[in-house]
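In case it helps, mature numbering (1 follows the signal peptide of the UniProt record, and there is no 0) puts the sequence shown at residues -17 to -1, 1 to 1070. Think of the CB as a built atom: it goes at the ideal place given N, C-alpha and C, for glycine as much as any other residue. Keep in mind the model is a prediction, meaning the values are calculated, not measured.
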Amino acid sequence: MLILSAGLGALAGALSAVPMDSTTLTDFDFSVAQQTRMQTLIDNGTLDLQRVLTGPASGYRHMGWPVATRLPDGRTVVLIRHLRDHSAYASYPDNARRIIWSDDNMATWQPADVLDAPPPFGRNLDDTPTKYDYQGMQAISWAYASGTANPRLVAVTAQQDENDKTPRSRVYLSDDRGVTWREQPDALAAMPAAAVHSGPNMVRHPEFGLVVPFGQQTGSGTGRQNYLASSTDAGETWQIRTWLNSANSRSIEPALATWGPGHMVLIGRERTDAYGYDSASGKYYYTQHVYKHTPGAAFSDVTFTTARTNIAGNGKTPVAKGKSGYEAHDTPDVIYNPVTGRIEMIQSSRWGAGAENPLPSDPENPAEPVNALNLWSIDPVDLLAGGTTWRFDGNLVERQGIILGAVGLPKDNKDGYHPGGSIVDEAAGKQHIFIYVGVYTQYANAYRISRPLDTYAFRAACGLPALPAPAITGVAVSASTATITGINFTALKEVLIAGKTAAIVSSGITEIKATLPAGVTAATGDDVVVRTDHGITTGLTDLSHLPPAVSAIDYDLIWPGKSVSITGVNLGGVTKVFFGAIEVASFVSKTDTEIVVTVPEGVASGDISIQTAAGDTVPLPVSGAYTIAVKPHDLAPLIATQPVVTGLHPLDLVASATGAPPPSFKWQYRRGDSGDWADIGGSADYQGAGTAHLTLINTAGKNGWQYRYVATNNTEDVYSNAVTLQLLADILPAPAGITATSGTTGPNLYVADVQTHVIRKITQADGKAVVFAGQPGEPGSADGSGGTARFNAPRGIAITADGALVVADTGNSSVRLVTADGAVTTLSAVFNHPRGVAAHDLNGDIYVADTGNHLIKKITAGGAVSTVVGAGVPGFANGIGPAAQFRSPSGIAVDVAGNLYIADTGNHAIRYIDMTTGSVSLFAGQPGSAPGSSDGAKTTAAKFNSPEGVTVDADGRVFVADTGNSHIRSIYSGSVFHTVLPPAGFLNYAGFKDGLSGDVLFDRPASLVVAEDGLLYVADTGNAVIRRVDRGDEVATLPLEALTGNSDPSDNNNNSGGGGGGGAPGWWFAAALAALLAFRKLSSRRR
């Protein structure tokens, strides 16, 4: 016989079904807590533990890798690999396999023939042949042989990586219920050499017959292959299916399950570090391979989708017998559970708990290393849809130890359990799992551990949080639609009506509408099954018999004192509500369908939980997580002082803050830098007093007034800093052209004001803006000195090398010259409403954007006027001379080399003229497309909207007054950028606000200039001010002709404390205000 006759007798006599005896306790080596837990689960009937085969006291003591099947007549057959010890099987060719069986529901076990199947692989100690090949994994199942009603047992074995003998895989058959066996010669001869370790279970597929998976040899194949073998004739002949995994994954010792029409999932120990190991967490993950079956599909077409699961074990442990990270896992088992309708996996973790958080595990700390056997599950609907997140459903058993060599560490030299080939006993409501337990290099005994197929009951026994189990309280059918009422229908997966899948029309926590399947015309509660991710229904349940169940919790964020409503059924049995660890002192109200509570003081973010008088936690079908409101913070600062023109020149103030919930805002004011703050009430002077955007429409009488905003969100009010208004005289109602004198510090500026028909000189040192030429409010065309000269809506302005000013006198269709002492002469009047001029310092030429003629012209130092480029008709075309076309060019600039940049307003573009060749090209923008404000590549992404002003600095950077967008843009390095950005949500908004980039607003700026001080000065036409942009992208308004005091401080805030500006507004004010707001609305495109 296999070992010695006496040895076999010893094995048979050692069979035992007594749990937790001294041998069992020695084998498992529990800690005190582990032993107590295990005994409790056995005593309360949750688990059943039985030792099914005990090895002898010496010699071949390792009873390893048990796999089982159950025949239709109830006989249970277990196939066990019998070794000298686990770690040394490659050196002992006299090892074998063993069969035991039970006809009394596994109460006792009998030995069977030990698979006397030549050719021998080695010799026993007594020189008898070995019985069965000894290396690698094994699987066992049964099928009906052709033409018979007798079930045939089929066993498959496969070699391990280190064994290169042929054949690699073998098939053994038994036609007498496992008593005697024979080999089916060369049945798996076609199996590739790289295939090793048959999976621990063989499934009966509805179309492919018996199917068994195989892993891939470490050093062979592509590194991505797996294998299946299928037999439709009870093991006599086999097909082989090889496929490439969809990821760089190599699974060994794979477990297989099938369900439904023939879908399959394969779970394997991942052998490839690059795929299975996560170095960031130190965890090593199992891999899943999913096959979605189409009825009638051929076995040769089977292929699987590969993905990494969330089922992890501890990773690489340096002292763990030199083991690679993948050996943190042992072989898994996987089944379809008919009770829960879920795919469930038994995980064996060799070091670390292997549960939801397996790290850390220090092998040198005897309190940490453990061998764990865990249960995980996933809904097949999710699995077929690509889901990879399995749910941890409890721990079956845990013992001390780690898979180490004899390195002298505490509790070392322990293997995993190698679950596999389990029996799903639906009649008994149990899964019977066969494992081995012992010491890695010494011995192992075979055990059966049985757990309930009711996984939800098992979870409860393990102390895991209860899940909101669904229950049906009513079913009504109308036409072809069934309305199913009940509780906890969240995370719905499937509805069955009369055993058929029903299409779900709609679903909520308490109601499902489903279409009756074909052939079904009526349904009652007993005909309907609802499966969710939390449970499966069993018929109709009387509402009064249900436990308390929640359907909704009415809250978003919470804060102390906030009312929270909890609705559901049978809530009268609820006695406690907790926010985190803090219990609500008393209920505001309670009925069977609603509980109202007030959030207590001192709560932190956490979860709402609900308990009954018995202390049971009511599972929630919705998340109980809540977040405590966070008071407003990170308030956007207001600029300390904001110059603004007095009167109907609106100012924008923008509030911003972070908080939970997001804060709301209101604005306050006070008259000066002291005194009480007051809320801004209803007033024609303001708009948006209760929003994040306050507009001061009429600033008259508010010099020195301060404003701030209040951010609030039911926590506490938080106040911004204050901004102080500095009123300016209304002397530049429409600045449309600007130029700067030489000088590196605060250069003087000259501004053409289109509304007052004058040229003003600005001296920054004293904030003065005096009339340099022309008479305010008196248009005309007279030449003369200073105030005797007249202009008509002048726009463009430039300064020559000798300090004279060149003015595009638009209303007079002429170009004028103003000497340094203010003498005005007309250079030429052969233009049509020119808007832009530029002076070339080197040759004295003057360039003119002849807007109405759509031409670019030149005036020489001698006064000769000629056309540089343009056809004289509106359009867009690049080219030389008259071949080029423009559409209402308004701005013009000359660079240090004498080349020109044109703001081609009507084409929403910037053009470039190479003055060496006379060639016109597109510099930036997208003529022919709709205007826009996008940045990016100059001619393919960037867009403008009616740009009127352009300037260029000494480094060749071009700046644009993008008038229609109310933006300032920059062009360099091949791209267009916003020089300064508006506040978030204010893109293309015409407004007025100083500040840093990201908090700045302009209103239709028409002109700009880069001065020698390196700063950018902007004629902000719509705001009637001159703005300065510094090198840090901060925008400030020049405080020109600042006022002192208030001419009329009368209240204009409807008794709310603000106001000023001439008492109650008359008809003229209302009309002007309406016109102003309408104009701003038309010129802006709000969020």
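Specify, as a first and last residue, the run of the alpha helix (DSSP H) that residue i falls within.
i, result
"Ala443", "Thr438 to Ala444"
"Ser5", "Ser5 to Phe11"
"Pro363", "Pro363 to Leu367"
"Ala257", "Asp256 to Gly259"
Counting only the same chain and skipping the five closest in sequence on each side, list residues whose C-beta sits under 6 Å from that of residue i.
i, result
"Ala170", "Val154 and Trp221"
"Pro857", "His837 and Arg870"
"Thr922", "Leu905"
"Asp109", "Interpretation of Asp109 is limited by its pLDDT of 42, a score under 50 that renders its predicted location unreliable; the figure taken from the coordinates is listed afterwards. Hits under 6 Å: none found."
Please report the distance separating the alpha-carbon of residue i from that of residue j.
i, j, result
"Ala355", "Gly399", "8 Å"
"Lys685", "Leu634", "12 Å"
"Met3", "Asp10", "10 Å"
"Lys976", "Pro718", "17 Å"
"Gly502", "Ile495", "20 Å"
"Ala449", "Lys266", "27 Å"
"Ser85", "Thr59", "5 Å"
"Met247", "Ile294", "18 Å"
"Glu566", "Val353", "37 Å"
"Tyr274", "Asp539", "41 Å"
"Ser463", "Thr504", "7 Å"
"Phe969", "Leu984", "8 Å"
"Tyr884", "Val877", "6 Å"
"Pro134", "Ala128", "7 Å"
"Leu603", "Thr576", "15 Å"
"Pro620", "Arg1010", "20 Å"
"Thr225", "Val322", "33 Å"
"Ile721", "Lys751", "15 Å"
"Trp798", "Val789", "Per the sequence shown, the amino acid found at residue 798 is Val instead of Trp. Roughly 7 Å separates the two Cα atoms."
"Pro301", "Gly518", "With a pLDDT of only 48 at Pro301, under the threshold of 50, the placement of this residue in the model should not be trusted; the figure read from the coordinates follows. About 42 Å."
"Asp68", "Tyr426", "6 Å"
"Lys841", "Leu1026", "42 Å"
"Pro965", "Gly664", "27 Å"
"Thr671", "Gly805", "It is Gly, not Thr, that sits at residue 671 in the sequence shown. Distance between the alpha carbons of Gly671 and Gly805: 46 Å."
"Asp216", "Ala138", "14 Å"
"Asp700", "Thr595", "39 Å"
What does a CB cutoff of less than 7 Å around residue i pick up in its chain, not counting 5 residues either side in sequence?
i, result
"Gly915", "Lys926 and Asn928"
"Gly881", "His823, Leu825 and Met898"
"Ser592", "Phe561, Thr600 and Gly607"
"Gly911", "Phe859"
DSSP puts residue i in a beta bridge; with which residues?
i, result
"Trp542", "According to DSSP, Trp542 bridges with nothing at all."
"Asp1003", "Val1008"
"Ile782", "Leu788"
"Ser332", "His312 and Ala355"
"Ala752", "Ile745"
"Gln121", "Thr140"
For the beta strand (DSSP E) containing residue i, name the first residue and the last one.
i, result
"Met21", "First-last for Met21: Val15 to Asp26, but that is the alpha helix (DSSP H), not the beta strand (DSSP E)."
"Leu171", "Unbroken run through Leu171: none, as it is neither H nor E."
"Ala643", "Thr641 to Ala643"
"Ser572", "Phe570 to Lys573"
"Arg53", "His45 to Arg53"
"Gly874", "Pro872 to Val877"
Report, in whole angstroms, the separation of the C-beta atoms of residue i and residue j, which I expect to be a contact under 8 Å.
i, j, result
"Leu905", "Ala892", "6 Å"
"Ala765", "Ile742", "Contact flag wrong, Cβ pair sits at about 14 Å."
"Asn696", "Ser647", "7 Å"
"Asp269", "Ile250", "Rather than Asp, the amino acid found at residue 269 in this sequence is Tyr. So it is a contact: roughly 6 Å between Cβ atoms."
"Arg987", "Gly1005", "4 Å"
"Ile455", "Thr524", "6 Å"
"Ala605", "Ala1007", "A quick correction: the sequence has Val, not Ala, at residue 605. That belief does not hold up - the Cβ atoms of Val605 and Ala1007 are roughly 57 Å apart, past 8 Å."
"Ala178", "Ser152", "7 Å"
Shorter than 7 Å, the distance from the beta carbon of residue i to the closest heavy atom of the ligand NAD, or not?
i, result
"Pro730", "This structure does not include the ligand NAD; it has no bound ligands of any sort."
Please go through the same chain and pick out, in chain order, the residues whose beta-carbon is closer than 8 Å to the beta-carbon of residue i, but skip the five residues on each side of it.
i, result
"Glu995", "Ala723, Ser725, Gly726, Thr727 and Pro730"
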